[in-house]
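Okay, so here's the structure we're looking at.
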Amino acid sequence: MAGEGIVLAVKADLSFLQDPLWREQVLGVLLYGSQATGEAGPRSDIDLCIVAPNVSDHSLLWRKFVSHLRDSHYDVRIFELLPLFLKAAVIEEGIVVYCEDEPELYEYFYPFRRDWQDQKHRQEMTAEEARGLFRAAGRKAAERIAKF
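Take the sequence shown: its letters are residues 2 to 149, numbered as in the numbering used here.
Shown next as structure tokens:
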């Protein structure tokens, strides 16, 4: 788990989010990755994920957000643009460092969590399990073709 020092430092760096214009756009910001899991080394960056479901121009949001950060060690991502497996990692291991309405944030995360649970076993499948799945699918396809 992340040290309290890093969480406090990140929260201080994100104080600009108290501006009402930011509150309209950003639902939450999470610290994730090695800093959140406590596995960070001296050269580790600080991974932040912005959750902004109602923003249409994520590129502009990202540029504005990064321009407010004083530390170049931040690696900032937009939740809505991440692949599902990274969204799941952010949800599962992330630490909320900014959010005005945590119940709303976790309600927003619910469909992504559900989708990940449906897909997770395929991501963790071994090569042998995948080959078996393809063989079974091939047999079923051959049986259907033989019926014609």
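For glycine and all other residues, C-beta sits at the position ideal for the given N, C-alpha and C.
query: Cβ-Cβ distance between Ile79 and Cys100 below 9 angstroms; result: no
query: Cβ neighbour criterion (16 or more within 10 Å) applied to Asp48; result: buried
query: Stretch pair the segment 100 to 116 + the segment 135 to 142: three plus CB contacts closer than 8 angstroms; result: no
query: Simplified DSSP assignment, three categories, for Val97; result: strand
query: From Glu129, Trp117, Leu31, Ser45, residue whose alpha carbon lies closest to that of Val52; result: Leu31
query: Glu25 versus Thr127 - alpha carbon distance; result: 44 angstroms
query: Coil, strand or helix - Leu82 by DSSP; result: helix
query: N- and C-terminal bounds of the alpha helix (DSSP H) containing Leu61; result: 59 to 68
query: Span of the beta strand (DSSP E), counted from its first residue to its last, around Leu32; result: 29 to 33
query: Cross-strand partners of Leu49 (DSSP beta bridge); result: Leu32, Val77
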